[in-house]
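Taking my numbering, I'd label the letters of the sequence shown as residues 33 to 251.
What follows is a set of notes on a single structure, which appears directly below.
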Amino acid sequence: MRGLLTYELMDDCEGWSVNQKAGLDVSAPDGEGHRFEWSQATWEAKDGSSYRYFIKDSQDGSTGNQRRGELVYPKAGADGRLTTELPSKGETDIPPVLLPVQHTLELIDRAGAGETVFLAQIFDATVDEKPVEISAGFGPSEANGKTKAEDFAPLKGVASRHIDFAFFVRNLPDGTPDFEQSIQLFDNGVVSRVNFEFGGLPVLGTLRKLEMLEPQTCN
Numbered sequence: 033m034r035g036l037l038t039y040e041l042m043d044d045c046e047g048w049s050v051n052q053k054a055g056l057d058v059s060a061p062d063g064e065g066h067r068f069e070w071s072q073a074t075w076e077a078k079d080g081s082s083y084r085y086f087i088k089d090s091q092d093g094s095t096g097n098q099r100r101g102e103l104v105y106p107k108a109g110a111d112g113r114l115t116t117e118l119p120s121k122g123e124t125d126i127p128p129v130l131l132p133v134q135h136t137l138e139l140i141d142r143a144g145a146g147e148t149v150f151l152a153q154i155f156d157a158t159v160d161e162k163p164v165e166i167s168a169g170f171g172p173s174e175a176n177g178k179t180k181a182e183d184f185a186p187l188k189g190v191a192s193r194h195i196d197f198a199f200f201v202r203n204l205p206d207g208t209p210d211f212e213q214s215i216q217l218f219d220n221g222v223v224s225r226v227n228f229e230f231g232g233l234p235v236l237g238t239l240r241k242l243e244m245l246e247p248q249t250c251n
């Protein structure tokens, strides 16, 4: 198995634009190969008032699942309204949750404050069109996060820590998570390593290229 994951985060003053793309080439035991691809484009308001997304995946060039929608919160602390276009048109209420970039910022803040566990409800539409409960367990802060930080200037002198995630989607009776993931997260938001399972196979991703985008001028 081999693949490539790209992640682009841009600050556009009022919110964050995120573009993710991934491709995995998997060889079956019989030697037959398959290509899996997925992408996610989102925009998240900094005040947590709205979240737009378009997510799609494919296998061997054939388009699979697609999700498109927008979540809007009329005011802080109130239920939000999710309007979907794909896979079907509809509307539903979503309770107050953290959005993806908000969640990352909370992880950094809480880990920096010395917390060891952080439990949160987030909505990103990647698993289902409903909130997902995520438990995060923080490891100790590390100087370079077991990464060749000298190869990436923006990581020099920046603390990082290992984080284990457990994702609870179906609320299984025995309390086990639906899936798990671990990352090495730097305090500037950069992830240098990620571990997860794909189709029962372990996947390890390591940082190979890092580019810091020029900030936009905001009024």
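All C-beta atoms, glycine included, are put in the ideal place defined by N, C-alpha and C.
By the 10 Å Cβ neighbour count, where 16 or more other Cβ atoms means buried, how is residue i classified, buried or exposed?
i	result
alanine 60	exposed
glycine 189	exposed
alanine 145	exposed
alanine 168	buried
leucine 151	exposed
glutamate 46	exposed
valine 133	buried
alanine 157	buried
leucine 236	exposed
glycine 105	Here residue 105 is tyrosine; the residue named in the question, glycine, does not match the sequence. Buried, because 16 or more other Cβ atoms sit within 10 Å of the Cβ of tyrosine 105.
alanine 185	exposed
serine 192	buried
leucine 118	exposed
glycine 177	Model confidence at glycine 177 stands at a pLDDT of 47, short of 50, so the residue's coordinates are unreliable and nothing is read from them.
valine 101	Note on identity: in this sequence residue 101 is glycine, with valine being the wrong assignment. Under this definition glycine 101 is a buried residue.
glutamine 248	exposed
leucine 233	exposed
leucine 217	buried
lysine 121	exposed
leucine 204	exposed
valine 129	buried
Does the distance from the CB of residue i to the CB of residue j come in under 8 Å?
i	j	result
glycine 65	glycine 35	no
leucine 131	tyrosine 85	no
leucine 103	glycine 112	yes
serine 214	phenylalanine 197	yes
tryptophan 75	aspartate 89	no
valine 223	valine 164	no
histidine 194	glycine 221	no
methionine 42	leucine 242	no
leucine 254	isoleucine 126	For residue 254 there is no data in the structure shown, the boundaries of the chain being 33 and 251.
aspartate 62	methionine 33	no
Based on DSSP bridge pairs, tell me the residues matched to residue i.
i	result
valine 50	Leu41 and Thr74
proline 234	Glu229
isoleucine 93	Note on residue identity: the sequence assigns glycine, not isoleucine, to residue 93. Glycine 93 is not bridged to any residue.
glycine 254	Missing from the structure shown is residue 254; the chain here goes from 33 to 251 and no further.
aspartate 196	Gly169 and Ser214
glutamate 174	Ser192
glutamine 98	Lys88
aspartate 34	Inspection of the sequence shows that residue 34 is occupied by arginine rather than by aspartate. Bridge partners of arginine 34: Asp57.
glycine 112	Ile126
glutamate 69	Gly55 and Ser90
Under the assumption that residue i contacts residue j (Cβ atoms under 8 Å), give the Cβ distance between them as a whole number of angstroms.
i	j	result
phenylalanine 211	isoleucine 166	With a Cβ gap of about 11 Å, phenylalanine 211 and isoleucine 166 do not count as contacting.
glutamate 161	threonine 95	19 Å between Cβ atoms; not a contact.
asparagine 51	alanine 73	5 Å
aspartate 79	isoleucine 140	So it is not a contact: roughly 18 Å between Cβ atoms.
leucine 91	phenylalanine 68	The displayed chain sequence assigns glutamine, not leucine, to residue 91. About 6 Å separates the two Cβ atoms, so the contact holds.
Is there at least one Cβ from chain B nearer than 8 Å to residue i's Cβ?
i	result
phenylalanine 230	The structure shown contains no chain B; it holds only a single protein chain.
Every unbroken beta strand (DSSP E) within the region 125 to 172, with a cutoff of 3 residues, ordered by chain: DSSP runs (the beta strand (DSSP E)) wholly in the region 125 to 172: 149 to 154.
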